[in-house]
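Line order of the protein sequences matches chains A and C.
Under the working numbering, the first residue of the first sequence carries the number 6, and numbering increases by one thereafter.
Under the working numbering, the first residue of the second sequence carries the number 177, and numbering increases by one thereafter.
We treat Cβ as the ideally placed atom computed from N, Cα and C, and that holds for glycine.
It should be emphasised that the depicted structure is a prediction, and the values quoted were computed from it without experimental measurement.
Below is one structure, written out as structure tokens, with a few remarks after it.
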Amino acid sequence: MSTPLIELHDVTRKYENGPPALREVSLTVREGEAVAVLGPSGSGKSTLLNLVAGLDRPDLGTVTVAGTRVDGLGEAGAARYRRAKVGLVFQFFNLLDDLTVLENVVLPARLAGTGRAAARRRAGELLEYLGIARHATAHPGRLSGGERQRVAVARALVNRPPLLLADEPTGALDSASGADVADLLTELNADGQTVVLVTHDLELARRCTSRTVRLVDGQVALDEVVSR
Amino acid sequence: MSALPGLVRSGVTRRRMQSAVIGLAALLAVTAALLGGSLLVVSSTPFEDAFAAQSGAHLSASFTATAQEVGATAGTASASAGPFPTASTAVRVDRIDLPPITVVGRADPGGSVDRLTLVEGEWADGPGEIVVATSFPMDRIFGRQVTLTDLPGDPVVKVVGVARSVTRTAEAWVAPSVLTAPQGYQMLYRLAAPLEVDAALADVTAAVPEGAVAGSRSWLTAKQEAVRESALFVPFLVAFGVLGLVMSVLVVGNVVAGAVASGVRRIGVLKALGCTPRQVVWTYVGQALVPASFGVLLGVVAGNLLAIPVLGQTEEVYDASLSVPLWIDVVVVAGVLGVVTVTAWVSAFRAGRLRTVDALAVGRTGGARGRFALRWFARLPLPLALGLARPFARPARAFGMTAAVVFGTAAVTFAVGLGVSLGVIQSARDYDTSDVTVGVEGPMRPDRVEPDPGVVAAALSAQAGTDRYFGLARAEMTVPGMAGFSQVYAYSGDASWGGHPMIAGSWYSGAGEAVVPTAFLTATGRGIGDTVSLQYKGKSVSVRIVGELFDTRHDGLAVYLDAGTFPELRAEKFFVSLKPGTDVQSYVDGVNSALGSGGVSAFPSDSGQLSDTILVIGSLTALLTLLLVTVSALGVLNTVLLDTRDRVRDLGIQKSLGMTPRQTVAVVVSSVGVVGLAGGALGVPLGTALHDRILPAMGRGAGTNLPAAAFTVYSPLLLAGLVVGGMVIAVLGALPPAGWAARTRTATALRTE
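Here you go:
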């Protein structure tokens with residue numbers, strides 16, 4: 006059995022004026038897994054993703070990713086952690102519109118200290134792999150939703166992170182583009198990339214992942230292995 | 177850090193307008209600071225260098241006592257030179273009479289105090305030789321024969337050398353044996369406490385018989401004379417430098433804080449991709465530093481170029497080539513860039529502290545702030561109410577915008593006031609104002625015909641249309657202890673209506689009284705009520721000073737008095753005021769026919785020439801004000817643009833509900849109404865206060881007090897207009913974003929995330 010990549014132990018996260026978003030959640034994700042985190046609005050899906058990405062800190066419990074205790078990191082430490090360990094894909098892409106496609110993809114590599122030439126080479130390979138190399142010099146505003154999400158995936162993978170976190174990656178796409186992105190995530194996982202997918206789209210979860218974690222009111226209600 | 181240049185570059189190009197505003201503000205701050213700073217330093221440096229090299233005299237005093245008594249004062253100072261015999265004498269060169277000069281008998285140019293620098297020729301060793309100072313009242317005098325007409329036997333001497341005295345202790349030097357009958361003695365002192373000249377003078381005065389000190393001169397007076405022209409520029413340039421720097425801080429703060437506020441989601445993305453808080457902050461600092469650096473570069477060029485005409489005045493005094501010292505360039509550049517960096521860092525600090533998750537989750541919905549203001553303005557038409565309430569929804573942003581208007585308005589108020597004051601000062605320079613002048617036109621020549629006062633007076637009295645007139649005689653006289661000579665204006669008849677601007681005291685009432693400019697009081701250490709001796713052709717006449725008058729001619733070393741004080745002087749010009757309705761040309765023709773063709777004629781009076789210095793100050797003020805107002809308006813534009821972009825979706829909703837483009841413009845423009853009014857109301861008193869502080873400082877720089885009329889320049893109507901000017905600045909800045917908001921298609925605005 007492969008080694009654990011993500012380990013959450015008794016994690017609780019509360020916000021002001023409300024019940025805890027997560028309540029004593031424990032969860033382990035192993036290398037090479039593709040896990041879908043499902044649940045209705047307010048169930049704690051995004052909170053879970055934020056904690057794993059080091060974007061937020063738990064009130065109680067520990068979060069360890071690829072051997073790094075994420076729950077105790079400051080902002081600078083968390084930034085360095087994300088550069089090395091995590092690739093993030095957002096629902097609304099969050100591409101920087103004033104940079105070209107290539108520059109968007111290169112950005113995390115340059116932040117991580119990769120040389121300019123090496124970063125551009127790696128970005129070029131990814132754009133080629135994802136079938137959007139012809140858009141390298143275009144600005145994101147000129148691309149379709151599906152193409153933009155492919156750019157976002159390329160950007161997430163440029164530093165070869167052990168973990169790819171995707172937050173509703175097809176939420177802003179039409180069905181054809183959504184299916185396209187789903188195929189891409191499946192393909193990446195097949196190549197060994199660990200993927201954690203936060204979604205409320207059951208069809209996406211079924212197509213891309215082999216394990217489903219269902220959250221209800223901040224607690225794990227179901228954790229099951231499924232066949233694709 | 178290697179990813180930062182790309183992010184900075186994209187930020188700068190994305191915000192071209194904001195970058196231009198930062199660049200302009202930096203340009204303004206550097207130009208004004210460079211000019212003010214370099215003038216402050218450069219103008220006094222040559223004097224201080226020369227003073228140190230030549231062991232200039234901290235105090236020079238002239239005495240009417242014996243050489244032994246004068247020599248006894250040596251013990252009152254740390255070093256001294258003298259006693260040197262002195263005499264005041266008029267000079268004639270090639271049949272032309274020059275103003276009187278102070279001649280000092282001195283055996284050699286060296287010594288422990290006031291070592292003279294021979295710039296041409298050699299020292300005067302014996303009879304028949306004289307060395308003149310660089311300040312001698314005639315150029316190209318070296319090698320020529322001059323007659324000392326007031327000395328016994330009218331000796332003729334040859335100019336064998338030209339020398340420079342840093343403290344201007346004399347206009348000429350001869351061998352001591354030449355002055356066989358000295359009128360007095362001069363002593364030169366170096367002081368252990370150079371700033372305590374008054375105390376040193378008191379010690380010297382106490383060491384000689386009462387009344388023996390005929391005059392004295394402080395090195396500080398000499399220094400002030402040396403830096404007078406450039407010192408005039410320093411106060412207002414420093415004021416503009418400070419305004420520019422404050423404006424830079426405001427603009428950079430507004431732009432960076434605005435960029436952070438509108439880019440929260442972007443900050444979240446950058447952090448999510450691995451940007452550390454420090455890197456995020458540096459991204460924003462860089463976006464301010466890049467355009468500021470361009471502005472600084474242009475400012476250095478502009479400041480150095482503008483310094484050329486201003487420093488030129490000081491260059492003439494020392495025959496030296498002056499330019500802005502490199503270290504001033506470096507200090508100003510480092511200072512402005514430092515201020516920009518710190519301001520940008522502080523403004524962007526929030527970006528570093530923003531929690532990534534909050535930044536990514538930032539919504540576009542507005543908070544509850546400002547809703548109370550909407551209720552206040554509920555009775556107004558809706559677009560107006562929406563606009564007027566807006567500043568209360570974003571108080572920090574409104575504060576920054578108000579500050580930009582405050583300083584823009586203050587700059588305009590200051591500049592307008594300075595312009596009116598300079599106009600008042602310019603017209604105050606039109607002395608002896610009249611309708612018609614009678615005299616001889618053209619330069620002084622040996623064979624020039626002088627008018628016969630009796631004939632002229634008779635012709636004027638007989639001529640129909642004459643209202644009143646006075647005559648003017650001029651003579652150069654020396655004042656013991658004062659370097660150079662004083663230009664004396666002796667008036668026959670009532671000259672009090674001749675447009676002589678009084679600062680304090682009153683116009684003289686008869687012979688034995690005098691009115692003098694501020695610089696004369698400073699140079700002689702006298703005040704109103706004191707008496708001063710005027711030496712003319714071997715005669716000494718005491719006059720009592722009864723008034724202080726504004727006059728910068730002859731370095732302000734003039735004396736105005738009644739002709740009865742010196743009856744031997746003949747009026748050379750007459751100034752006539754005509755009765756209302758009199759035709760000037762007919763009057764002039766009538767007087768000329770009565771005077772005949774003797775060389776003396778009547779002609780219409782002309783007004784004074786516009787001062788070059790006032791022109792330069794006026795031009796610089798206009799240029800710097802234009803820059804400040806532009807920066808101010810662009811600062812408002814930037815903030816309104818930012819605010820409008822933030823609200824474009826709200827505006828889209830309003831448009832979809834039926835708001836017309838005109839109403840959209842009204843919303844945006846009225847949102848700056850409160851800001852403009854508040855900024856104008858605060859900026860005007862700030863500008864007037866600045867004017868009232870800077871103008872006297874400029875006067876002090878020029879060595880004169882100023883007439884009261886130069887200060888009372890702001891009428892209520894002008895002040896009201898200036899407050900409205902604040903609103904105009906704000907509205908000008910708001911119009912382009914308002915137009916953009918009005919033109920944006922509703923569907924596009926609604927789609928904006």
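Asked                                                                                                                                 : Found
Contacting positions in the region 26–57 of chain A - beta carbon closer than 7 Å to chain C                                          : Asn55
Backbone secondary structure at Ile793 of chain C - three-state DSSP                                                                  : helix
CA-to-CA distance, Ala478 of chain C to Tyr736 of chain C, given in whole angstroms                                                   : 43 Å
Backbone secondary structure at Thr541 of chain C - three-state DSSP                                                                  : At Thr541 of chain C, the pLDDT of 38 sits below 50, so the modelled position is not reliable; the number obtained from the coordinates is stated separately. If DSSP states are grouped into helix, strand and coil, Thr541 of chain C belongs with coil.
Test item: CB-CB of Gly766 of chain C and Gln639 of chain C under 8 Å                                                                 : yes
Cβ neighbour criterion (16 or more within 10 Å) applied to Tyr20 of chain A                                                           : exposed
Alpha-carbon to alpha-carbon, Arg555 of chain C and Leu227 of chain A                                                                 : 58 Å
Cβ shell of Ala255 of chain C (< 8 Å), same chain only, five flanking positions each side left out                                    : Ser231, Ser288, Val289, Tyr365 and Arg366
Boundaries of the alpha helix (DSSP H) in which Glu296 of chain C is found, first to last residue                                     : Glu296 of chain C -> not in any alpha helix (DSSP H); beta strand (DSSP E) instead, spanning Thr293 to Gly297.
Any C-beta of chain C under 8 Å from that of Glu133 of chain A                                                                        : no
Trp349 of chain C, enclosing alpha helix (DSSP H) - first and last residue                                                            : Run containing Trp349 of chain C: none in the alpha helix (DSSP H); it sits in the beta strand (DSSP E), Ala348 to Val350.
CB contact flag (Leu426 of chain C, Leu803 of chain C, <8 Å)                                                                          : no
Same chain, Cβ closer than 6 Å to Ser523 of chain C, five either side skipped, listed in chain order                                  : Gly429, Val432 and Ala433
Sequence-distant residues of the same chain with beta carbon closer than 6 Å to Thr52 of chain A, five excluded per side              : Arg18, Ala26 and Leu27
Beta carbon of Val860 of chain C nearer than 8 Å to that of Thr589 of chain C                                                         : yes
Beta-carbon gap between Leu65 of chain A and Asp15 of chain A smaller than 8 Å                                                        : yes
Supposed close pair Val335 of chain C, Val308 of chain C - CB separation, criterion 8 Å                                               : 6 Å
Closest by C-alpha distance to Pro285 of chain C, when choosing among C:Ser311, C:Ser236 and C:Ala339                                 : C:Ala339
Cα-Cα separation between Phe227 of chain C and Pro328 of chain C, rounded to whole angstroms                                          : 35 Å
CB contact below 8 Å: Lys399 of chain C versus chain A                                                                                : no
Cut-off 7 Å between Cβ atoms - residues of its own chain near Ala187 of chain A, not counting five sequence neighbours on either side : Thr175, Leu209, Arg212 and Cys213
CB contact flag (Val203 of chain A, Ala171 of chain A, <8 Å)                                                                          : yes
Other residues of its chain near Ala114 of chain A: CB distance less than 8 Å, five sequence neighbours each side excluded            : Ala123, Ala124, Arg127, Ala128, Val163 and Asn164
Alpha-carbon spacing of Leu23 of chain A relative to Pro567 of chain C, whole angstroms                                               : According to the sequence as given, residue 23 of chain A is Gly; it is not Leu. C-alpha separation (whole angstroms): 33 Å.
Reduced DSSP category for Ile721 of chain C - H, G, I as helix; E, B as strand; rest coil                                             : strand
Helix, strand or coil at Ala143 of chain A [DSSP, three-state]                                                                        : coil
CB contact check: Ala179 of chain C to chain A, cutoff 8 Å                                                                            : yes
Counted within 10 angstroms of its Cβ, other Cβ atoms place Met193 of chain C as buried (16 or more) or exposed                       : exposed
Cα-Cα separation, Trp916 of chain C to Gly576 of chain C                                                                              : 22 Å
C-alpha distance - Lys749 of chain C paired with Val776 of chain C, whole-angstrom precision                                          : 9 Å
Opening and closing residue of the alpha helix (DSSP H) in which Met903 of chain C lies                                               : Pro892 to Arg919
Delimiting residues of the alpha helix (DSSP H) encompassing Val338 of chain C                                                        : No alpha helix (DSSP H) contains Val338 of chain C, which is instead part of the beta strand (DSSP E) from Val332 to Arg340.
Pick from C:Phe223, C:Ser392 and C:Leu598 that is closest to Thr698 of chain C, judged by C-alpha positions                           : C:Ser392
Residues that Arg454 of chain C contacts on chain A, provided the C-beta gap is smaller than 8 Å                                      : Ala81
Short CB-CB distance (under 8 Å) between Arg190 of chain C and chain A                                                                : yes
Touch test, the region 260–273 of chain C against the region 205–214 of chain C, Cβ-Cβ under 8 Å, three pairs minimum                 : no
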